Every structure is written in C-alpha cells, then in structure tokens.
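To keep things clear, I will list the structure first and then write my remarks on it.
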Amino acid sequence: MIVFSKPTVKRLVQLEFLLGQKLDKNTEHTRNKGDGKETSGGTPATLYITSKELAELTGWTDATIRKDISHLGIKGGASKGYKLDELYKAIHQAVGKPQEGMTAESLHPCCIVGLGRIGAALLDYGGFAQGGMKLVAGFDESVNRVEILNASFPLYPASRLEQVIAQQRIEYAVLTVPEQDAPVYGKRLAEAGIKGIVNYTSAVLNLGDNVAVENISLAEALKNCLFKANVS
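Just so we're aligned, residue 1 is where the sequence shown starts under full-length UniProt numbering, counting upward by one.
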C-alpha cells in the first residue's frame with residue numbers, strides 16, 4: 001500500500017470528487033443528447049484532462065498535481081493529459097473510497113455526537129454515502145433535544161453512547177459538541193472502539209494511532225482564507 005502525506009491525501013480526495021463530478025456530467029450529457037433521450041450506442045467519449053486544467057480548478061500548481069498523480073502510477077500524454085476515467089479510478093482506489101455499486105448495507109456505520117445547530121443540520125445531510133458512510137445514530141446530552149429532533153435513524157441521550165456503539169457496531173463518529181466537551185467525548189469514543197472521528201469543534205484532538213482524527217475548524221479555515229487573500 002502506498003503511504004501518502006496528509007496534504008497529498010487531502011488533495012487526492014478533492015480531486016476524486018472533482019473528477020467524479022466531471023464524469024457524471026459527461027454521462028448525463030450523453031444520455032440526454034438530442035430531445036432528452038438516450039442516444040443509440042450512448043457510450044461517453046473518452047475524456048482527457050491536463051494538470052494545467054486541474055490547477056485552474058483547484059488553485060494548486062500543476063507541478064504539485066503531477067507529483068501527486070505520479071504516486072498512482074498513472075502517466076499522461078504530453079498534449080492530451082490524463083484519461084479522466086482512468087485517473088478517477090486510480091485516485092478512487094488509492095484514497096479508500098467505496099467502489100461503484102456499493103450498497104447501503106456495505107457502508108460504514110457512523111454516528112453524530114452533539115445535536116446542536118451544526119449536528120442537527122447534519123442529520124439531513126446527503127453526502128455521507130459519498131464518503132463511504134451511513135448515519136445510524138445520533139447522541140446529545142439534552143434528552144429534550146433528542147426527543148424533539150427528527151431523523152431517519154434513532155437519536156439517543158449521550159449516556160447511552162458506549163452501549164449503542166457496541167450494539168450497532170458503529171465505526172466512525174462526527175463530533176459537534178461544544179469545544180470544552182470535545183476532549184471528554186473524544187476519549188469516550190476512542191475507548192468505545194471508534195476507528196475515526198471527524199471533529200467539527202475548535203478543540204484539536206489527538207487520540208493516538210488507533211483513532212484517525214480529522215480536525216475541521218471553521219475558525220482555522222477562515223484565518224487561512226484571510227491569510228491567503230492578504231498574501232496573494
């Protein structure tokens with residue numbers, strides 16, 4: 001297995017989504033060609049994309065993109081660039097995304113911990129399947145909030161977190177609790193056997209090698225955006 005640096009992984013994940021969108025649009029265009037009907041033989045034409053075009057889409061340098069792609073064993077032509085579907089499949093496999101045709105039953109069980117404004121908004125978010133996961137439970141300290149909110153899966157008081165994780169074999173968690181509570185819940189999730197946490201709080205969590213943590217701080221993102229705007 002190829003070991004990528006964290007920045008490379010983030011770039012490859014973003015490229016995977018961008019390329020997937022381009023392939024979807026091309027397929028849809030082929031199907032709808034004419035008067036909204038699928039064309040006979042409607043196989044999408046082979047598409048190519050260059051590192052320069054990818055650089056324009058992402059804001060990265062084409063040299064950085066070529067270096068990232070070189071780890072995948074994909075070679076692009078000097079003029080045409082990379083085969084879009086070939087590049088997409090290579091990245092798709094490298095970053096551990098679910099393969100096409102993956103059923104709901106084969107997605108990784110995930111829960112939301114903290115059902116405040118951010119957590120509640122994520123209850124209806126449809127992008128979990130794209131990341132290879134399905135929401136199966138939500139937790140909050142407020143029993144009243146658990147009873148009021150509506151979701152397509154059960155919501156529980158936080159006191160039952162460990163019990164439900166074990167019963168439903170939940171593997172991943174999205175953490176949206178107040179910042180001061182994040183370390184406690186991070187530890188509880190780790191001890192409950194959670195493999196990975198997407199941390200939406202401002203607290204930076206480090207739970208050791210057995211738990212993958214993706215710290216996503218809006219404040220940090222805003223500061224990075226401000227810095228980039230001021231130095232450009």
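Glycine is no exception: its CB is placed at the ideal position from the N, C-alpha and C atoms. Bear in mind the structure is a predicted one, so any value in this text is a computation, not a measurement.
- Under the three-state reduction of DSSP output, residue 82 falls in the strand class.
- With fewer than 16 other Cβ atoms from the protein chains shown falling within 10 Å of its own Cβ, residue 226 counts as exposed.
- Along the UniProt domain "CoA-binding" (106 to 204), the alpha helix (DSSP H) occurs as fully enclosed runs of 4 or more residues at 117 to 122, 143 to 148, 161 to 168, 182 to 191, listed in sequence order.
- Its chain contains 165, 170, 171, 172, 173, 211 as the residues whose beta carbon lies nearer than 8 Å to that of residue 194, once the 5 sequence neighbours on both sides are disregarded; these appear in chain order.
- Taking the Cα positions, residue 160 is about 47 Å away from residue 230.
- DSSP places residue 26 within a helical segment (H, G or I) once states are collapsed to three.
- Per DSSP, residue 231 is one residue of the alpha helix (DSSP H) stretching across 218 to 231.
- Spanning the alpha carbons of residue 150 and residue 140 requires a straight line of approximately 13 Å.
- Here residue 168 has 109, 136, 137 as same chain residues with Cβ atoms under 7 Å from its own Cβ, once five neighbours each way along the sequence are excluded.
- Here residue 106 is actually not in contact with residue 81; their C-beta atoms are around 33 Å apart, not less than 8 Å.
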